[in-house]
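Q: Mind looking over this structure? Questions follow.
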Amino acid sequence: MIKICFICSGNTCRSIMAERLTKKYIKENQLNDLKVLSRGLQSNGENIAENAKKVLKKHQALSSNRKSVKLGKIDKNTLYVVMNNNMKKFINSSKVLSFEDLIGEPIIDPYGKDEEVYEKTLNEIDKGIKILLNKIEAGRKL
């Protein structure tokens, strides 16, 4: 079982969008040995941002509503994927990478912005997820 945890600041936009989009790909491609979740560095139980819900629904990646969850204990067997290189310092694990590592640029926080910004953010996250899943698949074939 490979566990992936996406991390952002509040777990209301970027990390939850990454989680839900990855779950969609897991289901579509029957990648049953992958488990994915998301957390926030400063989460406080907020709902998913409305514009995040809208773009996830548009991409058939919205399952259910949930409150944001704060990152707790680090699991040495989980791969942590953060939104930018600066967030790496908050994750005490040897298994941490950022979207900057995957796509060459950070995922900018869309919190409070319009739906168009969320759509752009989701597209950037999508690029990174596809690269990540391809790397995981390539590693399995070794």
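Sequential numbering from -18 applies to the sequence shown in my numbering. All C-beta atoms, glycine included, are put in the ideal place defined by N, C-alpha and C.
Around the C-beta of residue 20, are 16 or more other C-beta atoms found within 10 angstroms, so that it is buried, or is it exposed?
A: buried
Q: Less than 7 Å between C-beta atoms, sequence neighbours within five positions excluded: which residues of the same chain meet that for residue -10?
A: 21, 22, 23 and 90
Q: Taking Cβ to Cβ, would you say residue 110 is nearer than 8 Å to residue 63?
A: no
Q: According to the Cβ coordinates, are residue 4 and residue -16 closer than 8 Å?
A: no
Q: If you scan the region 18 to 91 from start to end, which runs of the alpha helix (DSSP H) of 4 or more residues do you find wholly inside it?
A: If we require 4 residues or more, the alpha helix (DSSP H) runs fully inside the region 18 to 91 come out as 31 to 39 and 80 to 84.
Q: So residue -16 is in the beta strand (DSSP E); what residue range does that whole segment cover?
A: Here the beta strand (DSSP E) through residue -16 covers -17 to -11.
Q: Nearest-angstrom Cα distance between residue 73 and residue 55?
A: 7 Å
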